[in-house]
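Visitor:
There are 2 protein chains.
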Amino acid sequence: MPLQQLPHNLRHYRQKHQFTQQQLADLLKVSRSVVAKWENGHVLPDLIIAVKLSNIFQITLDALVGEAPETTFVLSDFQAHYQNAFEDYADASVHQLIDFLLKNKPLQAQLNLYRSLPVKQQKTIDRFLLTAIEELKKY
Amino acid sequence: MPLQQLPHNLRHYRQKHQFTQQQLADLLKVSRSVVAKWENGHVLPDLIIAVKLSNIFQITLDALVGEAPETTFVLSDFQAHYQNAFEDYADASVHQLIDFLLKNKPLQAQLNLYRSLPVKQQKTIDRFLLTAIEELKKY
DNA sequence: TATATAATGTTCTTAAAAAGAACAGATGAG
DNA sequence: CTCATCTGTTCTTTTTAAGAACATTATATA
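Here the protein sequences line up with chains A and D, keeping their order. Going by UniProt numbering, the first sequence wraps up at 139, each residue one higher than the last. Going by UniProt numbering, the second sequence wraps up at 139, each residue one higher than the last.
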């Protein structure tokens, strides 16, 4: 089984927080025996549990699973995230768009609705918007 | 369902790396259909797969699952620039919106068009969008 | 040391969830 | 339009983790 470090890390952080297996199990609403199994490497927690654990222990997921990535990630998650995006969309207009978005609360609401739609429906909206806007621009 | 961002992130990074679902599936030695299911939020990849993905995409696990805790933010140019704005609109959903915007180039184009309109016409669009989206959400 | 009690490890069965294959639909180039 | 590629979904099977019960170890206290 890969993720060799995970069982060890789990036990370490649990003890660091002075939890018994039972207490941790209660926090996560799982049985105690499964906590034991995680710590002994018999079974892997799923992603949802892993996220909960990283929150409880106040560590990153990467720290929890103990998989030092090959490249060194000095940047915070936030920074890494947006930095990548900016590399792709280095276009300065993106900054302006974000400014615009930040200042325009109703638009935020609209976009949140839009986001909640399936991609297919988003595209429907897209198409409409395009023609509607072009239409309006004539005036 | 938790981990809302994961499907979206997954698709984003796959496309960023110019992989088809099949190519990514081959790298991971899984079927293509399961990749589709991950991207559509029907199923969660397990921890082992998640780690592999973070290596392939060269991002942190936390970035992959999109559960970046705000407490770990480090100052970046981006953050410095938008710091004031974020104070005003401390709503966490704004972060997600910006995220979404950065990843969605067609939407950027749409919004740039939208921005170019007079406020009055923007409001026309707003009203229509609202009803259109509500309509679509019924399906 | 003996014994009680708490904490942890293991086994066995059940249940949940993801995997794959096959089919269906969408997208796009020519 | 047509073919090929890419993606989404359904159905079934398989995998794997979950829980309960039992076993073992560790710790405290008389």
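Backbone N, C-alpha and C define an ideal beta-carbon position, used for all residues, glycine too.
How about L61/D and V51/D: do their beta carbons lie closer than 8 Å?
Guide: yes
Visitor: Kindly indicate if chain D contains any beta-carbon less than 8 Å away from that of D77/A.
Guide: Bear in mind that the predicted position of D77/A carries a pLDDT of just 35, short of 50, making it unreliable; the figure below should be weighed with that in mind. Yes, D77/A lies at the interface with chain D (some Cβ there is under 8 Å from its Cβ).
Visitor: What residue from R14/A, I59/A and P2/A has the CA that sits closest to A36/A's CA?
Guide: R14/A
Visitor: Establish whether the CB of A50/D and some CB of chain A are separated by less than 8 Å.
Guide: yes
Visitor: According to the neighbour-count rule (16 or more other Cβ atoms, all chains shown, within 10 Å of its Cβ), is S54/A buried or exposed?
Guide: Counting of Cβ neighbours within 10 angstroms places S54/A among the buried residues, the total reaching 16 or more.
Visitor: For H8/D, count neighbouring C-beta atoms within 10 Å of its own C-beta (all shown protein chains included) and say buried if the count is 16 or more, exposed if not.
Guide: Classification of H8/D: buried, given that the 10 Å Cβ count is 16 or more.
Visitor: Between V30/D and the rest of its own chain, which residues show a CB-CB distance below 8 Å, the 5 nearest in sequence each way excluded?
Guide: I49
Visitor: Could you name the residues of chain D that D62/A contacts, counting a contact when the two beta carbons are closer than 7 Å?
Guide: The contacting residues are T60, L61 and D62.
Visitor: P45/D by DSSP, collapsed to three states: which one?
Guide: Coil.
Visitor: Measure the beta-carbon distance from L6/A to V65/A and round it to whole angstroms, keeping in mind my assumption that it falls under 8 Å.
Guide: At roughly 5 Å, the Cβ-Cβ gap stays under 8 Å, so L6/A and V65/A are in contact.
Visitor: Measuring only the C-alpha atoms, how far is I56/D from L28/D?
Guide: 9 Å
Visitor: Hey, does L3/A have any beta-carbon neighbour from chain D nearer than 8 Å?
Guide: yes
Visitor: Suppose you measure from the CA of D77/A to the CA of R32/A; what does that come to, to the nearest Å?
Guide: Only weak support exists for where D77/A lies, its pLDDT of 35 falling under 50; the coordinates are left without a value.
Visitor: For Q21/A, which residues from the same chain have a beta carbon less than 8 Å from its beta carbon, with the 5 sequence-adjacent residues on both sides left out?
Guide: R14, R32, V35, A36 and E39
Visitor: Buried or exposed for H17/A, please, with buried defined as at least 16 other CB atoms from any protein chain shown within 10 angstroms of its CB.
Guide: exposed
Visitor: Examine the ligand ZN and report whether any of its heavy atoms sits within less than 7 Å of the Cβ of I49/D.
Guide: Annotation note on the ligand ZN: not contained in the displayed structure, which lists no ligands.
Visitor: Buried or exposed: which applies to H12/D, given that a residue is buried once 16 or more other Cβ atoms fall within 10 Å of its Cβ?
Guide: In summary, H12/D is buried, with 16 or more beta-carbon neighbours lying within 10 Å of its beta-carbon over all protein chains present.
Visitor: I need the DSSP call for L3/A, collapsed to helix, strand or coil.
Guide: coil
Visitor: Could you tell me whether any Cβ in chain D is nearer than 8 Å to the Cβ of V65/A?
Guide: It does: the Cβ of V65/A has a partner Cβ on chain D nearer than 8 Å.
Visitor: My output table needs one value for N55/D: the three-state DSSP class, helix, strand or coil.
Guide: helix
Visitor: Identify the continuous alpha helix (DSSP H) that holds K37/A and give its terminal residues.
Guide: R32 to E39
Visitor: Rounded to whole angstroms, how far is the Cβ of L10/D from the Cβ of L47/A, which I believe are closer than 8 Å?
Guide: That pair is no contact at about 12 Å.
Visitor: Ends of the alpha helix (DSSP H) at Q18/A?
Guide: Where Q18/A is concerned, there is no enclosing alpha helix (DSSP H), given that its DSSP letter is neither H nor E.
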